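To start, the structure under review is shown below, and the notes come after it.
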Amino acid sequence: MDMVNLTIDGVQVSVPSTYTVLEAAREAGIKIPTLCYLKETNQIGACRVCLVEVEKARALAAACVQPVAEGMVVHTNSPKVRATRKNTLEMILSDHNVDCLSCIRNGNCELQKLAEEYGIRKVTFTGAKSSSIIDDKSFSIVRDSSKCVKCGRCVAACKEQSIGVLSFLNRGFETSVGPAYDISMADAPCIYCGQCIVSCPVGALYEKEDTEKVWDAINDPSKHVVMQVAPAVRAAIGEEFGLPIGTRATGKMFAAMKRLGADKVYDTNFAADLTIMEEGTELLNRIKNGGVLPMITSCSPGWIRFCEFYFPEFIPNLSSCKSPHEMEGAIIKSYYAQKNGIDPKDIVVVSVMPCTSKKSEAAREQLVNKDGLKDVDIVITTRELARMIKEAGLNFNSLPDEGPDQDLMGEYTGAGVIFGATGGVMEAALRTVADILEDKDLPEFEYQAVRGVEADVKEATVTLGGKDIKVAVAHSAAAARQLLTKIKNGEANDYAFIEIMGCSGGCVCGGGQPIVNAQDLMDIDLRAERAKALYEEDSIMPQRKSHKNSQINKLYEEFLGEPNGHLAHELLHTTYCKREVYPESVIE
Amino acid sequence: MSIIKLTPEEQATKLEAVLSKYRGQGQKALMASLQQAQEIYGYLPLPVQKKVAEALEVSVAEVYGVVSFYSFFSLKPKGEYAFNVCLGTACYVKGSQALLDKIEDCLGIKQGDVTEDTKFSISACRCVGACGLAPVVLVNDDVYGRLLPDEIPGIIAKYKEEA
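For the record, the sequence lines run as chains S and X.
Position 366 (the first sequence) corresponds to 365 in numbering that gives the first Met the number 0; numbering is contiguous.
Position 122 (the second sequence) corresponds to 121 in numbering that gives the first Met the number 0; numbering is contiguous.
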């Protein structure tokens with residue numbers, strides 16, 4: 000690799016010639032502030048916060064886009080640089096709703112942090128503010144344009160997902176960010192993955208908050224509240240309490256949830272194991288009976304909406320299995336209710352998810368049972384759970400390690416845990432399907448080929464019952480588009496089973512997870528760090544195959560009958576519908 | 000640009016021919032396709048933007064973003080006689096705002112709108128490159144330079160007669 004030598008703040012640096020000044024400075028341990036910059040997603044030099052002085056250059060340069068050059072001399076901290084950055088920040092703040100105390104990003108806002116670092120005491124610019132709206136019509140995502148700094152990070156993230164629901168609209172002072180015609184996110188062809196939220200440096204995009212509903216249910220003595228928590232949550236919630244990225248906080252998470260006052264706390268991993276029993280059986284049946292192949296997983300509601308909007312021809316390929324938390328909800332309101340003698344109408348199921356799309360999923364009319372009850376009543380994100388824990392005054396880091404309640408639905412296997420990482424559902428399914436077909440407890444069950452984040456689309460050939468079958472794993476909507484386009488064009492038609500997740504890295508990097516600031520993201524691959532926590536938990540579980548979950552087996556014996564049987568079908572399977580992108584009715 | 004009335008079928012065929020040149024080309028073909036699409040339809044309604052987005056493989060929001068950025072593109076149908084008032088620097092200092100006000104007054108509609116009988120519409124633009132004639136008003140392809148507000152009623156009457 001070609002290296003170039005340059006001097007930054009008097010420090011000699013030798014870096015690859017492809018580096019920007021920002022990257023070179025980072026390597027030299029010199030921090031240059033950023034706002035619109037988001038590694039690999041948005042490098043456009045728009046906000047002018049990262050300006051530096053390059054000797055002999057005509058003007059100040061944006062470090063995030065300025066390539067390094069041999070002999071370059073850079074000053075990141077001259078009076079001119081500091082004054083200009085401060086001026087830029089004041090201009091941004093002059094058209095920003097500085098309602099910081101009541102902002103959802105209070106304490107975790109990149110603009111607030113910059114204002115603090117640059118000692119902004121007063122915004123000297125006054126005058127008109129651009130008009131703004133709050134769009135909170137969708138179940139998942141709220142857009143508050145009064146907070147928007149037009150950095151373009153959400154636009155880039157949405158485009159990176161190959162969806163592009165968010166774009167810059169209009170011009171000049173009237174510029175805003177939103178869907179075409181500035182319609183609500185509720186009417187836009189948005190998959191609610193929430194990658195825009197975790198990309199936003201400020202409080203312009205955030206989840207629709209449902210924590211008050213949870214408190215109300217907990218405080219209502221006539222309600223029996225059952226909380227469940229998805230695998231990916233444990234891999235990230237520690238970040239909200241200052242723990243290092245990648246910390247596995249399973250024990251403290253359960254201890255905290257139990258102290259919030261729910262009647263019961265379960266792990267969605269139980270239903271992940273149940274999903275494997277249903278989905279594995281469905282796959283075997285499709286292969287045996289000449290059903291539609293490849294079968295594609297249905298756990299990710301972002302992916303499901305993507306399929307319904309953009310690839311409806313693949314709806315027959317979707318597994319009819321509900322996603323794990325919906326299955327868990329359905330079992331809580333049937334089996335669990337029966338066993339405990341509780342009227343399902345009095346049960347409130349709360350799902351804690353790493354996902355914003357799950358909020359909209361829970362509202363799907365296909366996920367209402369025959370008595371008119373929703374499988375899941377309230378969905379909160381990892382961030383919302385963290386807020387509830389803070390609000391309850393719990394000292395998360397000093398809580399003891401505890402587990403979920405153990406009765407009826409408390410057990411889970413390592414296979415369930417890895418659902419939260421890309422390739423995890425595939426691996427969990429293969430572990431069970433291979434054992435069933437061979438009728439053995441196979442000692443080799445780690446499928447390394449489907450793990451990892453290096454490739455957006457992973458392929459593997461696995462031997463199941465003496466037969467080779469081809470599988471694929473895609474993570475992110477863009478990867479799904481890439482894979483499905485190949486299949487559509489007849490360039491890949493021999494897959495039997497495909498796992499698709501709407502977010503890159505899988506659920507561990509879902510749109511409901513803690514927000515990591517762009518500076519910290521420069522040094523790590525968040526997807527890999529968080530996934531490690533899940534594979535670690537898998538490796539220490541006494542059972543690591545879903546069909547070894549004794550409570551799942553008991554559930555079938557006592558209640559459901561056979562996997563894919565009549566009752567299982569009624570409670571655990573669902574249907575999908577084609578959706579139109581921007582029907583004309585949305586702009587009327 | 001004289002307006003040729005096309006049937007919806009003819010419009011669709013023409014648009015299809017335009018888009019077939021640019022299929023799969025993405026962002027870089029966006030301006031050219033939108034310009035030609037507007038020539039066919041007179042404006043860029045949502046269904047046309049969706050067709051362009053689909054052909055070029057860009058999102059509808061991105062297409063709308065470009066359409067709403069450039070004043071040349073219109074989201075509303077233009078009238079048979081489209082008044083376009085130049086508000087560029089030279090025209091503006093020579094009083095084109097007064098011309099715009101007068102046209103709005105005479106036609107009883109605002110900038111960006113079209114009369115109920117779809118005969119007239121008003122839009123404003125930034126510099127048509129005829130600064131020597133400032134202030135300038137275009138009616139379709141007809142150029143009126145060094146205009147005074149008092150001349151507006153006469154111009155409108157002329158097109159009313161033609162219609």
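No residue lacks a Cβ here, since even glycine has one placed at the ideal position from N, Cα and C.
Since the model is a prediction, treat every value here as computed from it, not as a measurement.
For residue i, three-class secondary structure by DSSP
i: Leu147/X; result: coil
i: Ala473/S; result: strand
i: Ser95/X; result: helix
i: Glu160/X; result: helix
i: Leu137/X; result: strand
i: Asp400/S; result: coil
i: Asn41/S; result: strand
i: Met521/S; result: coil
i: Met0/X; result: Only weak support is given to the placement of Met0/X: the predicted model assigns it a pLDDT of 43, under 50, and the question is left unresolved by the model.
i: Asn83/X; result: strand
i: Tyr170/X; result: Nothing about residue 170/X can be reported from this structure: the residues present for chain X run from 0 to 162 only.
i: Gln542/S; result: coil
i: Pro343/S; result: helix
i: Arg142/S; result: strand
Min CB distance residue i to chain X below 8 Å
i: Pro178/S; result: yes
i: Leu165/S; result: yes
i: Glu443/S; result: no
i: Ile586/S; result: yes
i: Arg170/S; result: yes
i: Tyr309/S; result: no
i: Val580/S; result: yes
i: Ile626/S; result: This structure cannot settle anything about residue 626/S, because the visible part of chain S is limited to 0 through 587.
i: Glu312/S; result: no
i: Glu583/S; result: yes
Opening and closing residue of the beta strand (DSSP E) in which residue i lies
i: Ala123/X; result: Phe119 to Cys124
i: Phe305/S; result: Phe305/S -> not in any beta strand (DSSP E); alpha helix (DSSP H) instead, spanning Pro300 to Tyr309.
i: Thr460/S; result: Val456 to Leu463
i: Thr6/S; result: Met2 to Ile7
i: Ser13/S; result: Val10 to Pro15
i: Tyr494/S; result: Tyr494 to Met500
i: Glu53/X; result: No beta strand (DSSP E) holds Glu53/X; the alpha helix (DSSP H) holding it covers Leu45 to Leu55.
Nearest-angstrom Cβ-Cβ length linking residue i and residue j, presumed shorter than 8 Å
i: Ala427/S; j: Ile275/S; result: 5 Å
i: Asn169/S; j: Ser67/X; result: 5 Å
i: Leu55/X; j: Gln24/X; result: 6 Å
i: Glu498/S; j: Thr296/S; result: 5 Å
Cβ-based burial, residue i [other Cβ within 10 Å; buried from 16]
i: His546/S; result: buried
i: Val232/S; result: buried
i: Thr12/X; result: exposed
i: Gln48/X; result: buried
i: Ser397/S; result: exposed
i: Ile91/S; result: buried
i: Cys576/S; result: exposed
i: Ser130/S; result: exposed
i: His565/S; result: exposed
i: Gly328/S; result: buried
i: Ala433/S; result: buried
i: Asn268/S; result: buried
i: Ser160/S; result: Note that residue 160/S is Gln in the sequence shown here, rather than Ser. Per the 10 Å Cβ criterion, buried.
i: Arg125/X; result: exposed
i: Phe124/S; result: exposed
i: Arg84/S; result: buried
Beta carbon proximity, residue i to chain S, threshold 8 Å
i: Glu61/X; result: yes
i: Lys101/X; result: no
i: Phe68/X; result: yes
i: Pro58/X; result: Here residue 58/X turns out to be Ser, not Pro, going by the sequence shown. Cβ-Cβ to chain S under 8 Å: yes for Ser58/X.
i: Ala11/X; result: no
i: Gly64/X; result: yes
i: Lys75/X; result: no
i: Ser1/X; result: Caution applies to Ser1/X, whose pLDDT of 46 falls short of 50 and renders its modelled position unreliable; the value that the coordinates give is listed next. Not closer than 8 Å to any Cβ of chain S, the Cβ of Ser1/X fails to qualify, so no.
i: Leu18/X; result: no
Residue range of the unbroken alpha helix (DSSP H) whose run includes residue i
i: Thr381/S; result: Thr381 to Glu390
i: Leu50/S; result: Not the alpha helix (DSSP H): Leu50/S falls in the beta strand (DSSP E), residues Leu50 to Val53.
i: His95/S; result: His95/S -> no alpha helix (DSSP H), and no H or E assigned at all.
i: Leu273/S; result: Asn268 to Asn288
Of the residues that make up the region 26-54 of chain X, which ones have a beta carbon closer than 8 Å to any beta carbon in chain A? Looking at the structure shown, chain A is missing, and the protein chains on hand are S and X.
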